[in-house]
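**Student:** Heads up: the sequence shown is residues 135 to 600, going by the numbering used here. Beta carbons: idealized from backbone N, C-alpha and C, even for Gly. As the structure is a computational prediction, the values presented were derived from the model and not from experiment.
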Amino acid sequence: MRRTLSELTKMSQGEWVGSIDNGTMVTGVSTDTRTLKPGQLYVPLSGEQFDGHDFLAQAVANGAVASLWERSRPLPETTIPLIQVDDPLQTLQRLASAYRQQLDVTVVAVTGSNGKTTTKDLLGSVLETRYRVHRTRGNLNNHIGVPLTLLSMAEETEVAVVEMGMNHAGEIALLSQIARPDIAVVTNVGDAHLEFLGSRAGIADAKLEIREGLSEDGILVYDGDEPLLQARLRQEQHLRLVSIGFDEGNAVQIQALKLHGDEGIRFQSSSSDYHFHLSLPGRHNAMNGMMAITVGKLLNLSDAEIQRGLEQAKVSGMRLERLVASNGMAIINDAYNASPRAMKAAIDLLVALPNQRKKWVLLADMLELGAEEEVYHRQIGAYAVEKGVDKIFTMGQRGRWIAAGAAAVATETRVIHCETAAEVAATLLQEGDASVTLLVKASRGARLEAVVQQLVEGEKAKSDGY
């Protein structure tokens, strides 16, 4: 972003204080003084544990050319202009919305309980074969991250792929109204965030809030195999709907799916004779891939361009990440997030691998499942046994429930519960070897990446104090 300070002040609907050069150029926006670059506008946000206003001096020292400032606060002594606003967070969102409207850019928004980051990554790679693409980086998918994603777009961006996350009702509606997507993608409705939304029906309603900001001629691409979405969209008259799934009756049906283990999957679309290949394993990734393929076709890409993008795609870390432990054990690190649906899909993927390795899992807490969380965790333990997992390791408070669910039905499967990352890593390093494939899966809050690091680094991790 490149805007004069005068232009930015008008966009913010604020009032500047102090000496100002109307020609001063602002080259970006930052909410974090640790990563702020010279020439940027500083946006001081307040949270439970911090107040960004306290770091104004550091922002100035790092090269900020101006800063927002909450109107209710006393004015500080500073050498840079301040733009007084009622609420810096709302102003950040207003700036992002205004900037998005100023650019001639097609916005593709992606949400869903599972698979939204993988779908975003696939979409970005596919669309980059023809367009100048900007996409969400890392986990910048909330009420702060989405505005920062939009404001970091280059002026020449042709397509923006924007991931939208949530855990409460109303959040997706806000993000959609800020980003004003031309195409919206709802990957699925899972069981994450039941604690806050009450039921899968509530989750479906929250995901479909993405319609709130869709353009008048917008397109909604969604999981057509999900009855909750189908029921809610049956009366939709204002949007173009494109349903995707394995079931007949979808606008785009996934056909001829072939699972090739570590080599990925091959499948066709009902709208094309082309055989697509995706290096990501698992049936669920056929849905993610078809979402990217369908949006590519909507934006006039050829099958060959789409396939090239799929081949070049790199998914974000801790999502089916392949690693090797120091003892030779193969690791599938899928520990970025988890829900019951995603946990089952990952277990399915593991047991479907065609190799002769032993199939082990390390499972831990699934968060935000509400009053029924113990039931869901016990069900996962039983599911892993029923699917034929050879050995089940669990960790953490909720991991105890997984272990209990597994032990209740296990006859030959060995179930081991550990209290700490160090304990489970030591046990796996001692018992595992090159004949084992280990799936690591849990919600981000379980911090299983610490275990993975110890497994990969082995004795070095011990010497470094992990």
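Tell me residue 401's beta-bridge partners as DSSP assigns them.
**Tutor:** In DSSP, residue 401 forms a bridge with 410.
**Student:** Does DSSP put residue 525 in a helix, in a strand, or in coil?
**Tutor:** Of the three classes helix, strand and coil, the one that applies to residue 525 here is strand, per DSSP.
**Student:** Evaluate residue 597 with the Cβ neighbour count: other Cβ atoms within 10 Å of its Cβ, from every protein chain shown; 16 or more gives buried, anything less gives exposed.
**Tutor:** Low confidence applies here, because residue 597 scores a pLDDT of 37, under 50, leaving its location unreliable; read the following figure in that light. That one is exposed.
**Student:** I'd like the span of the beta strand (DSSP E) that includes residue 341, first residue to last.
**Tutor:** That residue, residue 341, is in no beta strand (DSSP E); its alpha helix (DSSP H) goes 334 to 341.
**Student:** Relative to the C-alpha of residue 193, which candidate in 360, 342, 166 has its C-alpha closest?
**Tutor:** Considering only alpha carbons, the answer is 166.
**Student:** Looking only at C-alpha atoms, which of 560, 516, 576, 581 sits nearest to residue 549?
**Tutor:** Ranking 560, 516, 576, 581 by Cα distance to residue 549 puts 516 first.
**Student:** Taking Cβ positions, are residue 312 and residue 355 nearer each other than 8 angstroms?
**Tutor:** It is not a contact, given that the beta carbons lie outside the stated cut-off.
**Student:** Look at residue 342 and residue 320 and say whether their C-beta atoms are less than 8 angstroms apart.
**Tutor:** In this structure, residue 320 lies closer than 8 angstroms to residue 342 by Cβ.
**Student:** Could you spell out where the alpha helix (DSSP H) holding residue 517 opens and where it closes?
**Tutor:** Residue 517 -> alpha helix (DSSP H) spans 507 to 520.
**Student:** Would you identify the three-state DSSP class for residue 240, choosing helix, strand or coil?
**Tutor:** Correct three-state label for residue 240: strand.
**Student:** Can you have a look at residue 391 and say buried or exposed, based on whether 16 or more other CB atoms are within 10 angstroms of its CB?
**Tutor:** Counting Cβ neighbours within 10 Å, residue 391 comes out exposed, since fewer than 16 surround it.
**Student:** Tell me the rounded alpha-carbon separation between residue 348 and residue 385.
**Tutor:** Approximately 20 angstroms between the Cα atoms of the pair.
**Student:** In three-state terms, what does DSSP make of residue 232?
**Tutor:** Of the three classes helix, strand and coil, the one that applies to residue 232 here is helix, per DSSP.
**Student:** Are the beta-carbon atoms belonging to residue 556 and residue 589 less than 8 angstroms from one another?
**Tutor:** Contact flag unset, no.
**Student:** Taking the continuous alpha helix (DSSP H) assigned at residue 561, which residues delimit it?
**Tutor:** Residues 555 to 565.
**Student:** Identify whether residue 277 lies in helix, strand or coil by the three-state DSSP scheme.
**Tutor:** Coil, per DSSP.
**Student:** Buried or exposed for residue 509, going by 16 or more other Cβ atoms inside 10 Å?
**Tutor:** Counting Cβ neighbours within 10 Å, residue 509 comes out exposed, since fewer than 16 surround it.
**Student:** In the DSSP assignment, find the alpha helix (DSSP H) that holds residue 183 and state where it starts and stops.
**Tutor:** Run containing residue 183: none; DSSP gives neither H nor E here.
**Student:** Going by DSSP, what residues sit across from residue 137 in a beta bridge?
**Tutor:** Looking at the DSSP assignment, residue 137 forms a beta bridge with 160.
**Student:** Mind reading off the beta-carbon distance from residue 290 to residue 443? Whole number of angstroms is fine, and I expect it under 8 angstroms.
**Tutor:** So it is not a contact: roughly 20 angstroms between Cβ atoms.
**Student:** Are the beta-carbon atoms belonging to residue 297 and residue 322 less than 8 angstroms from one another?
**Tutor:** Cβ atoms of residue 297 and residue 322: not closer than 8 angstroms.
**Student:** Grab the span of the beta strand (DSSP E) containing residue 551 for me, first residue to last.
**Tutor:** Residues 548 to 552.
**Student:** Can you tell me the Cα-Cα spacing of residue 208 and residue 468, whole angstroms?
**Tutor:** Going from the Cα of residue 208 to the Cα of residue 468 covers about 47 angstroms.
**Student:** Measuring alpha carbon to alpha carbon, tell me which residue in 216, 410, 182, 413 is nearest residue 191.
**Tutor:** Nearest C-alpha to residue 191: 216.
**Student:** May I have a chain-ordered list of the alpha helix (DSSP H) segments no shorter than 4 residues that lie completely inside the stretch 457 to 491?
**Tutor:** Runs of the alpha helix (DSSP H) inside the stretch 457 to 491: 474 to 486.
**Student:** Tell me whether residue 297 sits in a helix, a strand or coil according to DSSP, three-state version.
**Tutor:** Here residue 297 sits in strand by DSSP.
**Student:** Tell me, please, whether the stretch 404 to 414 touches the stretch 241 to 249 by the rule of three or more beta-carbon pairs shorter than 8 angstroms.
**Tutor:** No contact exists between the stretch 404 to 414 and the stretch 241 to 249.
**Student:** How many angstroms separate the CA atom of residue 145 from the CA atom of residue 197?
**Tutor:** The alpha-carbon atoms of residue 145 and residue 197 are separated by roughly 22 angstroms.
**Student:** Do you know how far the Cα of residue 432 is from the Cα of residue 600?
**Tutor:** Only weak support is given to the placement of residue 600: the predicted model assigns it a pLDDT of 33, under 50, and the value that follows is read from those uncertain coordinates. If I take the Cα positions, the gap works out to 48 angstroms.
**Student:** How many Å lie between residue 564 and residue 541 at the Cα?
**Tutor:** Going by the C-alpha atoms only, they are around 22 angstroms apart.
**Student:** Tell me whether residue 357 sits in a helix, a strand or coil according to DSSP, three-state version.
**Tutor:** Residue state, collapsed to three classes: strand.
**Student:** Cutting at 6 angstroms between CB atoms, please list the residues of its own chain near residue 142, excluding the five before and the five after it.
**Tutor:** Excluding positions up to five away in sequence, the list reads 160.
**Student:** Helix, strand or coil: how does DSSP classify residue 596 here?
**Tutor:** Any reading at residue 596 must be qualified, since the residue scores a pLDDT of 46, below 50, and its modelled position is unreliable; the value itself is stated next. Helix.
**Student:** My output table needs one value for residue 250: the three-state DSSP class, helix, strand or coil.
**Tutor:** Here residue 250 sits in helix by DSSP.
**Student:** Would you please state the rounded distance, in angstroms, between the beta carbons of residue 533 and residue 513? I believe it to be under 8 angstroms.
**Tutor:** 14 angstroms between Cβ atoms; not a contact.
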